[in-house]
Amino acid sequence: MQSFIIFVIVLGFISPCLCTRLNVGTKGSNNSVMDNGAIGDGKSDDTQAFATTWSNVCKKGGILVIPEEKSFLVTKLHFSGPCPGKIHIQFDGQIVAPPKETWKSGESLISIENLKGLTIDGNGQGGADGDGSTWWQCSDCQRPGIFHFHNCQDLSVSNIKITNSPRNHISINKCSGATFSHIFIDSPQTSPNTDGIDISFSSNILIEDSNIKSGDDCIAINGGSSIINATRVTCGPGHGISVGSLGKVRADDQVSDVYVRNCTFIGTSNGGRIKTTPGGSGYAKRITFEDIILDNVKNPIIIDQRYNKYLELDTDVSISDVTYRGFDGTCEGNTAIDLDCSPDGCHNIILDQINIESNQPGKKLSVICNNAYGTATNTNPTVSCLLS
Ligand SMILES: *[C@@H]1O[C@H](CO)[C@@H](O)[C@H](O)[C@H]1NC(C)=O
Ligand SMILES: *[C@@H]1O[C@H](CO)[C@@H](O)[C@H](O)[C@H]1NC(C)=O
Ligand SMILES: *[C@@H]1O[C@H](CO)[C@@H](O)[C@H](O)[C@H]1NC(C)=O
Numbered sequence: 563m564q565s566f567i568i569f570v571i572v573l574g575f576i577s578p579c580l581c582t583r584l585n586v587g588t589k590g591s592n593n594s595v596m597d598n599g600a601i602g603d604g605k606s607d608d609t610q611a612f613a614t615t616w617s618n619v620c621k622k623g624g625i626l627v628i629p630e631e632k633s634f635l636v637t638k639l640h641f642s643g644p645c646p647g648k649i650h651i652q653f654d655g656q657i658v659a660p661p662k663e664t665w666k667s668g669e670s671l672i673s674i675e676n677l678k679g680l681t682i683d684g685n686g687q688g689g690a691d692g693d694g695s696t697w698w699q700c701s702d703c704q705r706p707g708i709f710h711f712h713n714c715q716d717l718s719v720s721n722i723k724i725t726n727s728p729r730n731h732i733s734i735n736k737c738s739g740a741t742f743s744h745i746f747i748d749s750p751q752t753s754p755n756t757d758g759i760d761i762s763f764s765s766n767i768l769i770e771d772s773n774i775k776s777g778d779d780c781i782a783i784n785g786g787s788s789i790i791n792a793t794r795v796t797c798g799p800g801h802g803i804s805v806g807s808l809g810k811v812r813a814d815d816q817v818s819d820v821y822v823r824n825c826t827f828i829g830t831s832n833g834g835r836i837k838t839t840p841g842g843s844g845y846a847k848r849i850t851f852e853d854i855i856l857d858n859v860k861n862p863i864i865i866d867q868r869y870n871k872y873l874e875l876d877t878d879v880s881i882s883d884v885t886y887r888g889f890d891g892t893c894e895g896n897t898a899i900d901l902d903c904s905p906d907g908c909h910n911i912i913l914d915q916i917n918i919e920s921n922q923p924g925k926k927l928s929v930i931c932n933n934a935y936g937t938a939t940n941t942n943p944t945v946s947c948l949l950s
């Protein structure tokens, strides 16, 4: 009995230590930028403190903590691997951009590259502001973006807020396996080229439960991308979700297996769009837009194979196996469905369960097809121009 009591007492002492140990073992120790000299007053340059903290965390593992209720002015953050272990960034504070003159022109504010298994998680309040208004007026400036992810595998980014980018807010290039969830992006409708999320040469990317307001594409899916999903994303203002533009400057662009589901477009200029430029090659295939809610969208369903038609060339990016299913809501323009395909045609376009009405009572919406092959079922407005 006595030995049992001693056993219980000893266990009582040991187990908290065990738990703490285990916790440290799995999650790593905290490395706050504050412990490496960051000031966090939004005015002092904290770039070096972040570089030091990153270098420690990359070498030894652990959590890089950007603490809440502080703002950090940086000229450039470069979180670059490879690192021996998986890194976690606790993104609770705010990164603020430097004045335009000290921002390295053309370079993203935060570059994250060559990493495997990186997790970035915030408290929903932290993130980055690009102070874009100082850039938007300047049309010949090389305007930079905010987050740039390059060569990442098995990436997870959640609960962060990105505002007022000079250019795109997030770009994802050469990444495979990434989930972005609860991302909040906010730039004014009038800000030029402020794409929400740009994806290129990447695969297995999921964007979910996010809200994107911007002056350009909500999400743009560019060449070299496959298995790209957007689920429960609300877009608007902005230009909607776009595959492309593909084939620019005679590029060979390939995009396949895109699934846009349960997304909402509010006051956007497009809903589900595929755009290609004459003269390019490659394909856009197996693209699905499904269960979409429209609220005053100008071009809800649009395929545009004459995008930026600056050259009269006879090659084209081919478009096939495109499904628009379950669209419901209002159109602000004249044309609910616009399928403007090149002479080679778009093939196997499926329109199903579409109910799009004008936002002006009684106004009839039009449907345009050029060289579009496929089938339409249960659509309002009626689609009778598809070729079979
Ligand atoms: C590590 O940082 C996180 C996020 O700021 C905090 O919630 C947690 O309490 C910290 N852990 C330790 C051991 O300081
Ligand atoms: C995307 O959706 C497709 C079709 O439902 C699914 O097979 C695939 O696993 C999803 N991929 C990601 C990365 O979410
Ligand atoms: C889409 O929304 C419907 C209705 O709210 C829900 O039943 C379904 O599970 C959702 N699907 C996804 C993939 O979010």
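Okay, so the sequence shown: first residue is 563 according to our numbering, each after it adds one. Note that CB positions come from ideal geometry on N, CA and C, so glycine has one too.
field: 6 Å Cβ shell around K847 - same chain, five flanking residues per side excluded
entry: Short of 6 Å from the beta carbon of K847, and not among the five residues preceding or following it, lie these beta carbons of its own chain, in chain order: S818, S882, D883.
C-beta atoms of I722 and G689 nearer than 9 Å: With respect to G689, I722 sits close: the two C-beta atoms are nearer than 9 Å.
Practice prompt. Using a threshold of 9 Å, state whether the C-beta atoms of S928 and A938 are closer than that.
Written response: In this structure, A938 does not lie closer than 9 Å to S928 by Cβ.
Taking the alpha carbon of S743 as the reference point, which residue from T885, A659, S772 has its own alpha carbon closest? Comparing Cα positions, the closest option is S772.
Taking the beta carbon of T944 as the centre, do at least 16 other beta carbons fall within 10 Å, making it buried, or is it exposed?
Classification for T944: exposed.
Could you round the C-beta distance between N832 and I854 to whole angstroms and report it? I think they count as a contact, below 8 Å. Not confirmed; about 12 Å, so no contact.
Review point. Per DSSP, which one or two residues make a beta bridge with F827?
Key: For F827, which the question treats as bridged, DSSP gives the partners C797, L856.
Check: Regarding L768 and ligand 2, is the C-beta to nearest heavy atom distance less than 8 Å?
Finding: Yes, the Cβ of L768 comes within 8 Å of a heavy atom of ligand 2.
(Q) Judging by CA-CA distance, which residue of Q915, Y845, K638, T830 is the nearest neighbour of K860? (A) Per the C-alpha coordinates, the member of Q915, Y845, K638, T830 positioned closest to K860 is T830.
In chain order, what residues of the same chain lie with their CB nearer than 8 Å to the CB of F566, ignoring the 5 residues before and after it?
Residue placement at F566 is poorly supported in this model, since its pLDDT is 48, which falls under 50; the coordinates still yield a value, given next. So the list is empty, once near-sequence residues are dropped.
If we count the other Cβ atoms within 10 Å of its Cβ and call it buried at 16 or more, is R835 buried or exposed?
Under this definition R835 is a buried residue.
*Going by DSSP, which residues form a beta bridge with C908?*
Paired residues: I881, A934.
Opening and closing residue of the alpha helix (DSSP H) in which C620 lies: Here the alpha helix (DSSP H) through C620 covers 609 to 622.
Review point. Relative to the alpha-carbon of D608, which residue among I625, G655, D878 has its alpha-carbon at the smallest distance?
Key: Scanning I625, G655, D878 for the CA closest to the CA of D608 turns up G655.
Handout entry: Residue from D906, S727, I769 with nearest C-alpha to P750
Key = If we check each option's Cα against that of P750, S727 comes out closest.
Delimiting residues of the alpha helix (DSSP H) encompassing T696
Its alpha helix (DSSP H) spans residues 695 to 698.
Just verifying my parser: in three-state terms, what is the DSSP assignment at N593? Collapsing the DSSP output to three states places N593 in a strand.
Considering Cα atoms alone, identify which of E919, I916, D778 is closest to W698. Per the Cα distances, D778.
(Q) Could you check whether V595 and P646 sit closer than 9 Å to each other, using their CB atoms as the reference points? (A) The answer is no: Cβ separation not under 9 Å.
May I ask you to check if the CB of Y821 is nearer than 8 Å to at least one heavy atom of ligand 2? Under cutoff, so the answer is yes.
C-alpha distance - I601 paired with L671, whole-angstrom precision:
Between I601 and L671, the C-alpha separation is close to 19 Å.
Requested in this report: Go ahead and pull the three-state DSSP assignment for V811.
Outcome: DSSP places V811 in helix when its eight states are reduced to three.
| Under a three-way DSSP split, which group does E663 fall into? | E663 carries a helical assignment under DSSP once its states are collapsed to helix, strand and coil.
For H712 and L768, I'd like the C-alpha separation in whole angstroms. The straight-line gap from Cα to Cα measures roughly 16 Å.
Discussion item. Comparing C-alpha positions only, which one of Q687, E894, P661, S738 sits nearest to T696?
Written reply: Nearest option by C-alpha distance: P661.
(request) Give the C-beta separation of L737 and Q715 to the nearest angstrom, bearing in mind that I take them to be a contact with Cβ-Cβ under 8 Å. (result) Here residue 737 turns out to be Cys, not Leu, going by the sequence shown. Confirmed, Cβ separation roughly 7 Å.
Margin query: Helix, strand or coil for N598? Go by DSSP, reduced to three states.
Written below: In this structure, DSSP gives N598 a helical state, which the three-state scheme calls helix.
### Task
Enumerate in chain order the residues of its own chain whose CB-to-CB distance from N959 is below 6 Å, with the five nearest sequence positions on each side excluded.
This structure cannot speak to residue 959, because the chain is shown only from 563 to 950.
**Request:** Indicate whether S733 and I761 have their beta-carbon atoms separated by less than 9 Å.
**Result:** A contact, by the Cβ cut-off of 9 Å.
| Taking Cβ to Cβ, would you say I724 is nearer than 9 Å to T681? | At the C-beta level, I724 and T681 stay beyond 9 Å of one another.
Own chain residues within Cβ distance below 6 Å of A782, not counting five before or after: Short of 6 Å from the beta carbon of A782, and not among the five residues preceding or following it, lie these beta carbons of its own chain, in chain order: D757, D760, S804.
With 16 other CB atoms within 10 Å as the buried threshold, where does I701 fall? In the sequence on display, residue 701 carries Ser and not Ile. Residue environment for S701: exposed (fewer than 16 other C-beta atoms within 10 angstroms of its C-beta).
### Message
Which residue marks the beginning of the beta strand (DSSP E) containing N773, and which one marks its end?
### Response
Unbroken beta strand (DSSP E) run through N773: 765 to 775.
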